[in-house]
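Residue numbers (the numbering used here): 216 to 305.
Using N, Cα and C, we set each Cβ at its ideal position, and we do this for glycine too.
Report on one structure; see the data block that follows.
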């Protein structure tokens with residue numbers, strides 16, 4: 216799948232999530248609708264500028280202190296809003 220195709224699929228999923236109440240998305244609250252649409256536009260620009268950051272977090276076994284895995288977490292260092300967690304933009 217091409218990068219452009221993936222971006223288009225991501226954008227379609229984001230739009231769908233903004234209006235769909237399925238398990239894969241949340242409805243946009245009426246009071247936050249305009250703000251959510253603005254944030255979606257900013258997210259599109261952030262994707263084009265490759266601003267999203269992937270952070271890896273180790274998972275430890277508390278009994279042995281051994282690293283047993285890793286979690287990949289997405290972050291968005293927004294230029295005007297600061298560091299945004301995924302619950303605000305996914």
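* Looking at residue 274 and residue 286, is the spacing between their C-beta atoms short of 7 Å? -> yes
* Asked: Whose C-beta lies closer than 7 Å to the C-beta of residue 301 among residues of the same chain, with five residues either side of it excluded?
  -> 289
* **Residues of its chain near residue 298, where Cβ-Cβ distance is below 8 Å and the 5 sequence neighbours each way are ignored** => 290, 291 and 292
* Asked: Helix or strand or just coil, what does DSSP make of residue 305?
  -> coil
* Can you tell me whether residue 258 is buried or exposed, with buried defined as 16 or more other CB within 10 angstroms of its CB? -> buried
* Specify the secondary structure class of residue 288 as computed by DSSP and reduced to three states. => strand
* At what residues does the beta strand (DSSP E) containing residue 254 begin and finish? -> First-last for residue 254: 248-263, but that is the alpha helix (DSSP H), not the beta strand (DSSP E).
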